[in-house]
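K.L.:
Dropping a structure here in structure tokens format, bear with me for questions.
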């Protein structure tokens, strides 16, 4: 089956720094979504991005479907950005998202 | 604020208890999901309801019983759980296939 790999697994940064998170997938996908899970467990959908580039405030994402990867950019990090970032892909188009293992981001004040 | 509401947020139950987790959404979505998440792992799909019919059951033990009373509500009935069932249970919804999925805040379940 399709493999979804995220890197780095862990990232520790100072407040104000920029970061790039990567998601690689091993086969063509129908869509890709990025999520942020805060320390209290809430999963927030950040982007639905099967291809192209989207921006939302300090966050932006780019998916290059032909090369099977997606990048999530976080600029001017804040402590509230801490948590785990997951990417998930829709491969079979039957509601079953395939998840990466996540990148744990810690932003220090 | 999430538009998918889950109750209760925390639940502690004994192995002989019967309890239920509840989920509600008012976004007009026709697909609803239950996920289970253990610490430091991504969510694992348990059940999917599409247009109020069970579409996917990921080989979940029968001690977990889903119910979709209408297009806005999703329940997960729990009976005779084991301590290893302790986890975060997440409800989600979306328009059918291939659309943005929205999660509730989750229900933290502890089985003692």
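Chains as they are written, first to last, in my numbering: chain A, 19 to 127; chain B, 2 to 113. In this text, a Cβ means the ideal position worked out from N, Cα and C, and glycines have one as well.
Anything in chain A within Cβ reach of residue 107 of chain B, meaning under 8 Å, just list it in chain order.
P.N.:
Going along chain A in sequence order, the residues near residue 107 of chain B (Cβ under 8 Å) are 59, 60, 61.
K.L.:
Going by beta-carbon coordinates alone, are residue 129 of chain A and residue 61 of chain A separated by less than 9 Å?
P.N.:
This structure cannot settle anything about residue 129 of chain A, because the visible part of chain A is limited to 19 through 127.
K.L.:
Any C-beta of chain A sitting closer than 9 Å to the C-beta of residue 49 of chain B?
P.N.:
yes
K.L.:
Using a Cβ-Cβ distance cut-off of 9 Å, determine whether residue 35 of chain A contacts chain B.
P.N.:
It does not; no Cβ of chain B falls within 9 Å.
K.L.:
Tell me residue 19 of chain B's beta-bridge partners as DSSP assigns them.
P.N.:
According to DSSP, which records beta bridges pairwise, residue 19 of chain B is partnered with B:80.
K.L.:
Pull up the DSSP beta-bridge partners for residue 54 of chain A, would you.
P.N.:
A:62, A:103
K.L.:
Helix, strand or coil, according to DSSP, for residue 108 of chain A in the structure here?
P.N.:
strand
K.L.:
Measure the CB-CB distance between residue 30 of chain B and residue 96 of chain B and report whether it falls below 9 Å.
P.N.:
yes
K.L.:
Leaving aside the five residues before and after residue 55 of chain A along the sequence, list all residues of the same chain whose C-beta is less than 6 Å from its C-beta, in chain order.
P.N.:
Cβ neighbours of residue 55 of chain A beyond the five flanking positions: 61, 101, 102.
K.L.:
Could you spell out where the beta strand (DSSP E) holding residue 70 of chain A opens and where it closes?
P.N.:
For residue 70 of chain A, the enclosing beta strand (DSSP E) stretches over residues 70-74.
K.L.:
For residue 115 of chain A, collect the residues of the same chain with a Cβ closer than 8 Å to its Cβ; drop the 5 residues on either side in sequence, then sort them by chain order.
P.N.:
51, 106, 107, 108
K.L.:
Leaving out the 5 sequence neighbours to the left and right, which residues in its chain are closer than 7 Å to residue 117 of chain A when beta-carbon positions are compared?
P.N.:
22, 104, 106
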